[in-house]
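Taking the working numbering, the leading residue of the sequence shown gets 35, the next gets one more, and so forth.
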Amino acid sequence: MAVISIANAKGGSGKTTAAVLLATELAQRGLRTALLDCDELKLAASWVRAARLGEGLTLLDNVAVFNLAAHLKTLRSSHDHVIIDLSGARDALVAFAAGLSDLVLVPVQGCAMDSRGAAHVLELIELVSANAHVPIKRAVVLSRVNPLVTTRALRNVKAVLDAARIPVVGTPVIERSAFRDMFETGGTLYSMNGGRVSNLDKAILNMQVLADDVLRLVGVEEASKIWARAVPAAPARVGLPSPAPVGLPAAP
Ligand SMILES: Nc1ncnc2c1ncn2[C@@H]1O[C@H](COP(=O)(O)OP(=O)(O)OP(=O)(O)O)[C@@H](O)[C@H]1O
Ligand SMILES: [Mg+2]
35 MAVISIANAK GGSGKTTAAV LLATELAQRG LRTALLDCDE LKLAASWVRA
85 ARLGEGLTLL DNVAVFNLAA HLKTLRSSHD HVIIDLSGAR DALVAFAAGL
135 SDLVLVPVQG CAMDSRGAAH VLELIELVSA NAHVPIKRAV VLSRVNPLVT
185 TRALRNVKAV LDAARIPVVG TPVIERSAFR DMFETGGTLY SMNGGRVSNL
235 DKAILNMQVL ADDVLRLVGV EEASKIWARA VPAAPARVGL PSPAPVGLPA
285 AP
């Protein structure tokens, strides 16, 4: 089982959106997935209840420092993946979750890089990792990237992260109305009406390729093992005719 936490002390950086996209996609592939909502606002939990994913996605929203390890222990035998949506608080739960994670994803807005919140979480991960003598894998996910933004702006952000030797997930989360609408309509991208939501196919492809990248990051062996089991249930890729990965926008 892989535990993936999503953290950034900066509010509104796209943590819950990334958590819900990953949980949707992993569950859609038939992977036994749990989503742990650690934010008091419980936006992810409300979405899971409204999305009616049934047994496809386990929801836990009573997570605290004193019970997180026990929750993970229970889930270990019955789940393939646990996604932890953390709040923007700088509290012990964030540090504890990071310490128990196989991967911590830190969403950072692609063009107006708010490095402060991200830097705080990344420093915290280093600290927990050093104190516990366990390496904690972490990576930045560029989030809310404008599909029309110039490649130069994004390259600058990537250069800053590269210089700090912070890995960046290859697929950014593009700014898409579908990613906002899913919280309002209460469905998943797969249940939305493509006639009513603009660029739904691109949004779905973005989510799929992001999930591929994250699975690869949690470990090739793990990912291939999971895929072997998931393939029969995996949906046909919805999206552009060519399976071009959603990467940085094309050069102008
Ligand atoms: N890729 C995206 N495309 C469109 N809207 C987005 C995207 N990512 C986030 N948003 C919107 O930005 C707002 C903040 O996103 P989100 O709730 O995911 O951030 P967060 O980091 O979880 O915030 P918080 O710190 O308050 O928990 C929401 O209204 C969400 O719908
Ligand atoms: Mg949130």
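Backbone N, C-alpha and C fix where the C-beta goes; we use that ideal spot for every residue, glycine too.
Check, Outcome
"Determine which residues share a DSSP beta bridge with HIS115 and list them.", "ALA36, THR67"
"Using three-state DSSP, classify GLY281 as helix, strand or coil.", "For GLY281, the predicted model reports a pLDDT of 36, less than 50, meaning its position is unreliable and no value from the coordinates is stated."
"Please go through the same chain and pick out, in chain order, the residues whose beta-carbon is closer than 6 Å to the beta-carbon of GLY90, but skip the five residues on each side of it.", "ALA61"
"For the beta strand (DSSP E) that LEU94 lies in, which residues bound it at each end?", "91-94"
"Considering ARG83, what are the terminal residues of the alpha helix (DSSP H) in which it resides?", "77-85"
"Go to VAL128, then tell me how far its alpha helix (DSSP H) extends in each direction, as first and last residue.", "126-133"
"Ligand 2 and THR50: does any heavy atom of the ligand fall closer than 6 Å to the residue's C-beta?", "yes"
"From SER121 to ALA129, what distance separates their C-alpha atoms?", "12 Å"
"Identify whether LYS171 lies in helix, strand or coil by the three-state DSSP scheme.", "strand"
"Could you give the first and the last residue of the continuous alpha helix (DSSP H) run that contains LEU102?", "99-110"
"Could you tell me the boundaries of the beta strand (DSSP E) in which VAL138 lies?", "137-143"
"According to the Cβ coordinates, are LEU70 and ALA57 closer than 7 Å?", "no"
"Less than 7 Å separating the beta-carbons of ILE40 and ALA52?", "yes"
"Can you name, in chain order, every residue of its own chain whose Cβ lies under 6 Å from the Cβ of VAL174, other than the five neighbours on each side?", "VAL140, VAL142, LEU195, ILE200, VAL202"
"Using a Cβ-Cβ cut-off of 7 Å (strictly less than) and excluding sequence neighbours within five positions of ASP95, which residues of its own chain qualify?", "ASP71, LYS76, ALA79"
"Since ARG210 contacts ASN233 with CB under 8 Å, what's their CB separation in whole angstroms?", "6 Å"
"Mind checking whether VAL162 and ALA132 have CB atoms under 7 Å apart?", "yes"
"Determine the contact status of VAL99 and ALA123, defining contact as a CB-CB distance below 7 Å.", "no"
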